[in-house]
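So the structure is just underneath, and the comments pick up after that.
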Amino acid sequence: MRWIITADYWDNCIGLGEDADGVPARGTPEDGDALPVEFRLYTARGRLLFEGRCGDIAADWWHGMEPLLYTWATFRCRRLTWRPVGTDEPWRPLRP
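Numbering (this note's numbering), first residue to last: 1 to 96.
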């Protein structure tokens, strides 16, 4: 998985993501355990809808754009914050 939703505050999207080839896929939250970054997706008004895991945004910001673009139209997600897994670092906004 290149990204996967691991916590769903909307309903019915746990495990939604994309596989290594960028194809939409379903899995389990555990499928994201190997991914190095955790992210949060918010509406324009700041409502947290999803949390998940993805590839290394620090190395390539596109890893963060993929889940944001996927949820843009259907769920109106407009903001993504992220941090490395296993840290207490503050959540950073996605900035291409």
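Beta carbons are placed, not taken as given, at the ideal position from N, Cα and C, and that holds for glycine.
From L72 to R78, what distance separates their C-alpha atoms? It is worth fixing the name first, because residue 72 is Trp in this sequence and not Leu. Distance between the alpha carbons of W72 and R78: 6 angstroms.
Residue burial classification, V37 (beta-carbon count within 10 angstroms, cutoff 16): buried
Who are P84's beta bridge partners in DSSP? V37
Inspect the beta-carbon positions of I5 and F50 and report whether they are closer than 8 angstroms. yes
According to the Cβ coordinates, are W61 and L94 closer than 8 angstroms? yes
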